[in-house]
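Q:
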Amino acid sequence: MASPEPVEDVPDGFAAAQSVADAVLYEGYLLYPYRRSSGKNKVRWQFGVLAPPAWVRAQGPERPSVSGSADSWRQRTECLLEAAPGARVRVRVRYLQPQHRSVQVRGPRGGFTEVDAADVGGERYLTFDEAIPRECDVEVDVDALAAQPHVEVVEQEGGESVEALDDDTRIVRRSLPLSAAVRVSVADAEAPFRLRLLRVEVENAAEDVPAGVPRPEALRRSLVAAHTLIGVRGGSFLSLLDPPAWASVAARRCANLHTFPVLAGEGDSRSVVLSSPIILYDHPEVAPESPGDLFDATEIDEILSLRTLTLTEDEKREARATDPRAAAILDRVEVIPKEVFSRLHGAVRSVRPVEADAEGADEPPWWSPEGEAAVSPECDAVLVDGTPVARGSRVRLRPRRSGGDVHDMFLAGRTARVEAVFLDVDDARHLAVVLEDDPGADLHRWYGRYHYFAPEEIEPLDGAPS
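The opening position of the sequence shown corresponds to residue 1268 in the working numbering, with each subsequent residue numbered one higher.
(1) Classify residue 1335 as helix, strand or coil using the three-state DSSP reduction.
(2) Given a cut-off of 8 Å, decide if residue 1728 and residue 1649 are closer than it, judged by their beta-carbon atoms.
(3) Around the C-beta of residue 1781, are 16 or more other C-beta atoms found within 10 angstroms, so that it is buried, or is it exposed?
(4) Less than 8 Å between the CB atoms is what I'm expecting for residue 1490 and residue 1445, so what's the real figure, rounded?
(5) From 1536, 1691, 1688, 1559, pick the residue whose C-alpha is nearest to that of residue 1284; which is it?
(6) If distances are taken between C-alpha atoms only, which option among 1418, 1478, 1406 comes closest to residue 1327?
(7) Counting Cβ pairs, one atom from each stretch, are 3 or more of them under 8 Å apart for the stretch 1509 to 1527 and the stretch 1553 to 1562?
(8) Mind pulling the alpha helix (DSSP H) runs of 4 or more residues that sit fully within the stretch 1342 to 1372?
(9) If you run the structure through DSSP and keep just helix, strand and coil, what is residue 1559?
(10) Given a cut-off of 8 Å, decide if residue 1644 and residue 1212 are closer than it, judged by their beta-carbon atoms.
(11) If we ignore side chains and look at the alpha-carbon of each, how far apart do residue 1334 and residue 1315 end up?
(12) Pull up the distance between the alpha-carbon of residue 1347 and that of residue 1293, whole angstroms please.
(13) Given a cut-off of 8 Å, decide if residue 1496 and residue 1669 are closer than it, judged by their beta-carbon atoms.
(14) In the DSSP assignment, the alpha helix (DSSP H) including residue 1714 goes from what residue to what residue?
(15) Using C-beta distances below 6 Å, list every residue in its chain close to residue 1549, excluding the 5 sequence neighbours before and after it, in chain order.
(16) According to DSSP, residue 1494 sits in a beta bridge with which residue or residues?
(17) Count the CB pairs spanning the stretch 1306 to 1315 and the stretch 1460 to 1480 that are closer than 8 Å, and state whether there are at least three.
(18) Taking DSSP as the reference, what is the three-state secondary structure of residue 1484?
(19) I'd like to confirm the pairing. Which residues does DSSP put opposite residue 1385 in its beta bridges?
(20) On the DSSP bridge list, what partners appear for residue 1442?
(21) What would DSSP say about residue 1308, mapped onto helix, strand or coil?
(22) Throw me the rounded Cβ distance for the residue 1360 and residue 1338 pair, which I believe falls under 8 Å.
(23) Which two residues bound the contiguous alpha helix (DSSP H) that contains residue 1608?
(24) For residue 1533, which residues from the same chain have a beta carbon less than 7 Å from its beta carbon, with the 5 sequence-adjacent residues on both sides left out?
(25) For residue 1571, which three-state DSSP category applies?
(26) Rounded to a whole number of angstroms, what is the C-alpha to C-alpha distance between residue 1693 and residue 1451?
(27) For residue 1385, which residues in the same chain have their Cβ closer than 7 Å to its Cβ, ignoring the five residues on either side in sequence?
(28) Could you check where the beta strand (DSSP E) with residue 1686 kicks off and where it finishes?
Okay, here's the thing in structure tokens:
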């Protein structure tokens, strides 16, 4: 049985990937304006929910739930591993254990009853759901996995604590036990060189939850925001987003379920994979300028921080009563110095020297005012399979399977209309398009918010622009 506590002796890459993994763990935990009464916070837990199997099956085919996420009872990660003899793999499963926080007051007969809210000593306390971060480690020998898969049962106990606010008011925190199974296996991958396909499956193993219970009740027996860190000693992982050519077939055959594995850690390290329920790039990072978590890693820190400062005193009071982590956000935002806000406004990630042209001019050799005047995105065209494509052309989107924007995969097969043809400083063409079936298409055109695709990523649908 795996220990529910962290194991200290871990690959260095785990520590390097910790900040991103923590952002995944708390993504959507609470959303601005961080108040319980906000509609966004009335449906909890949007990512990586591993619910009891009987409950999930009773919902029908696994599909997005009312939360907008895909509640499932399992996750499957498949990644590619080059392993030397004696290599060992460590799998760290991380998740949140839901915990109900009940505000209770003493009744006329002496017993305590749950209430929606209570005020004690000038402070407000609300009944709400919190969560406890949990993790467990499983370490196995790769050669042993080739002979037999490794299965580990993870048991996390429930618990109850009582916090007295005064003689007649208390807070009771209660969590229910969780049960999970972690299965690690390895097989040979199809490649000209020795390559292993490593599979990690995490399943909710609770069999005593009735199929017909409401979702909030099922969530109390669920692993929330479940994801895995996978490290290897004596080997290295290959990117599934941009694999080497010799491993491209094996990469396409990796079947991941409710999770997206990417390389993690510092620099170009290939010793750690982060398998997340949220789509990421290889080697994701939390911006160093960010002063702290806001539970929405896709949003801009500056905007969220400024919006938080605009909350009224009553709204801030409710946010503080909603969750201690919300209170910590308010405390941090209210004391951010001006120089930190300046850093949040923008950052230069890299600076490289600009070479002068052959005549010693200051401008880079690829730029000249005359050349720029000759470029007209709204009039330019590009040939695709012998067909001119320009503003007004209808196209079908065929995003590349590797080396491109992973979010473009969701647009594969959709039709769009070209709004402009851009030329970048490397003489590469880019087509700015708006989806034809997008209800906000006119608004996107007005703002100039487009999707961008290379010519080889589109299929012309008509012979000439309209």
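In this text, a Cβ means the ideal position worked out from N, Cα and C, and glycines have one as well.
A: Answer, in terms of the structure:
(1) Below a pLDDT of 50, predicted positions are generally treated as unreliable, and residue 1335, at 40, falls in that range; the measurement from the model is reported next regardless. Note: residue 1335 maps to coil in three-state DSSP.
(2) Against a cut-off of 8 Å, the Cβ pair of residue 1728 and residue 1649 comes out as no contact.
(3) Residue 1781 is absent from the model: the chain starts at 1268 and stops at 1733.
(4) 6 Å
(5) 1536
(6) Of the listed residues, the one whose Cα sits closest to residue 1327 is 1478.
(7) no
(8) none
(9) If DSSP states are grouped into helix, strand and coil, residue 1559 belongs with coil.
(10) Here the chain comprises residues numbered 1268 to 1733, so residue 1212 is not present and cannot be evaluated.
(11) Low per-residue confidence applies at residue 1334: pLDDT is 36, beneath 50, and the placement is therefore not dependable, though the value from the model is reported in the following sentence. Distance between the alpha carbons of residue 1334 and residue 1315 is about 11 Å.
(12) 28 Å
(13) no
(14) 1708 to 1714
(15) 1506, 1508, 1529, 1530
(16) 1361
(17) no
(18) helix
(19) 1392
(20) Paired residues: 1426.
(21) helix
(22) About 18 Å; that fails the 8 Å criterion.
(23) Judged by DSSP secondary structure, residue 1608 falls within the alpha helix (DSSP H) whose first and last residues are 1605 to 1611.
(24) Once the five neighbours on either side are set aside, the close Cβ partners of residue 1533 are 1283.
(25) helix
(26) 45 Å
(27) 1370, 1372, 1392, 1436
(28) Element bounds for residue 1686: 1682 to 1690.
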